[in-house]
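Residue numbers (the numbering used here): 297 to 499. Here's the structure we're looking at; comments come further down.
Dropping the structure here:
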């Protein structure tokens, strides 16, 4: 068992399937990668503040519904649908890279001095976790853990006073986001079932 942990923690294997996929094992991997993300963000904060004087991480408005729905929307759009739609892990890899880049430009000002560098550094380890979970056949865990993690961070920042605690922007965005999330999840599941059907036909 220790050998499996060592292999999965080895950076040279961060683009391969997990050796085990039990919930307990995935929770351990989740803790490992997200701890790395926190360390990268803290180290990046120090580095960026010393190299870019006066730099302030972009602080765009956050709403509870959007951070929770980001789990199913982002995981399916950038990992699940490319993986099952093209039946190719490389498609999910490219989708994940796009996801990382979008976190970098998640700001109102796209100048090089105002990009979301700290947020970008934080999600890089999360990318490896999500990618490995999806190619290991446990995409649902990536969706749920993504939403739970976002929810935890939103509530922590909210009660720490970093931004206002706003449940949603307006009813239309709430309903629209929920509909989009449900549609993407259903599409991912349909592609997953279609792929399995085609695999069974070949046997």
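We treat Cβ as the ideally placed atom computed from N, Cα and C, and that holds for glycine. The structure displayed is predicted, hence computed values, not measured ones.
Per the C-alpha coordinates, the member of 464, 423, 365 and 344 positioned closest to residue 414 is 344.
Residue 455 counts as exposed, since fewer than 16 other C-beta atoms from the protein chains shown sit within 10 angstroms of its C-beta. Residues 379 and 431 of the same chain have their beta carbon placed closer than 7 Å to that of residue 385, with the five preceding and five following residues left out of the count.
Here the alpha carbons of residue 416 and residue 392 stand approximately 12 Å from one another. Taken in chain order, the complete alpha helix (DSSP H) segments of 4 residues or longer contained in the segment 396-460 are 413-431 and 435-455. For residue 372, the number of other beta carbons within 10 angstroms of its own is at least 16, and it is reported as buried.
Here the alpha carbons of residue 353 and residue 453 stand approximately 14 Å from one another.
In the three-state scheme derived from DSSP, where H, G and I count as helix and E and B as strand, residue 356 is classed as coil.
Across the set 429, 423, 342 and 444, the C-alpha of 444 shows the shortest separation from the C-alpha of residue 362.
For residue 347, the uninterrupted alpha helix (DSSP H) run begins and ends at 319-347, by DSSP.
DSSP places residue 314 outside both helix and strand once states are collapsed to three, so it counts as coil. Annotation: the continuous alpha helix (DSSP H) that includes residue 378 extends over 377-381. Here the alpha carbon of residue 470 sits roughly 30 Å from the alpha carbon of residue 490. Between residue 425 and residue 485, the gap from beta carbon to beta carbon reaches 8 Å or more. Measuring C-alpha to C-alpha distances from residue 338 to each of 375, 302, 419 and 459 identifies 419 as the nearest. Taking C-beta atoms as the reference points, residue 333 and residue 446 fail to come closer than 8 Å.
The beta carbon of residue 389 is closer than 8 Å to those of 311 and 427 in its chain, skipping five residues each way along the sequence. When rounded, the separation of the alpha-carbon atoms in residue 464 and residue 360 is 6 Å. Taking the C-beta atoms as reference points, residue 477 is found nearer than 8 Å to residue 369.
Excluding the 5 residues flanking it on each side, residue 457 has no same chain C-beta neighbour closer than 7 Å.
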